[in-house]
Structure formats: C-alpha cells, structure tokens
Amino acid sequence: QRPALFAATVADNLSVAQPEDPPGQLLERVGLDATFLEREASTLSGGEGQRACLARALGTRPRVLLMDEPTSALDAEATRGIEGLVRELGIPVVLVTHADDQAQRLGDRVVTLDHGRLTGGG
C-alpha cells in the first residue's frame, strides 16, 4: 500500500532492479512518462510512488507478482491502466484488495477473508 522508495531519484530506484528493459519503458508500462526518471522519489505523490515501485518490480522480470492494494492511491484512469497491465503481464499475480469489484474483474480465483476467516472462494 505504501510505496517503499529509496531517498534518490526514480531512475536510481529503478536501477536497483538491474532491469533489462530501459527505465523509461518501465515507467511507461505503469502510466508514468520518462520525465519522472530525474525526479526525487520523495517528491512523488502516493499514486506515483506506487507506480514507480511497480515499475521497479517489473524490472526484475518476476515469475510471480504479489500486489497489495496496488491502486489504493490512484484515480479511476490510472486504476484502469494498472488493471490492464495486470491482465497483460502473462504471469501469475496475487492481488490483495478491499475492492470486491476489482477482485471480480481481475481474478481467475477470488478468495475472501473476513476477520481472518475464509468466507468465499478457494
């Protein structure tokens, strides 16, 4: 939910992943343009930070991606963009969300927990 960015530029944050893809391309995948590369991570909004962290994760070319409330700080348009990205990744994604409608839109399997108890799905 809260982006964990290092006190450096966005480019520096992405370089930690040692991405094979160009950093600007990673940002574009998550709905940010390449001008963000030189911005200090501390100046990003919550939603921008979430997307920068997602770009960094994608730079590692994960086989599975765990996302905890990846759109909680995003507006509707940015949320649609991230949801589209999740659909096209081609890898398993475990997504934690409080938005039931989002779970239904994105999930092949939806598991519902209520106060630590499994109440739906499986």
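When the count follows this note's numbering, it moves up by one through the sequence shown with no breaks and lands on 209 for the last residue.
Even for Gly, the Cβ is constructed at its ideal location relative to N, Cα and C.
This structure is a prediction, so every number in the text was calculated from the model and none was measured.
Other residues of its chain near residue i: CB distance less than 6 Å, five sequence neighbours each side excluded
i: Leu-119; result: Arg-138
i: Thr-147; result: Ala-104
i: Asp-188; result: none
i: Thr-206; result: Thr-199
Residue of the options minimising C-alpha distance to residue i
i: Arg-174; options: Asp-162, Gln-112, Ala-190 and Ala-95; result: Ala-190
Where the beta strand (DSSP E) through residue i begins and ends
i: Gly-207; result: 204-207
i: Thr-199; result: 199-201
i: Leu-31; result: Lying outside 88 to 209, the shown extent of the chain, residue 31 is not represented and no answer is given.
i: Val-183; result: 180-183
Neighbourhood of residue i by C-beta distance below 7 Å, restricted to the same chain and skipping five residues each side
i: Leu-172; result: Arg-116 and Val-117
i: Ser-129; result: Ala-94
Cβ-based neighbour list, residue i, same chain, cut-off 8 Å, excluding 5 preceding and 5 following
i: Arg-126; result: Thr-96 and Val-97
Sheet register partners of residue i (DSSP bridge)
i: Thr-96; result: Glu-127
For the pair the region 177-184 and the region 144-163, tell me if three or more CB-CB distances fall below 8 Å.
Between the region 177-184 and the region 144-163 there are three or more inter-stretch CB-CB distances shorter than 8 Å, so the stretches are counted as touching.
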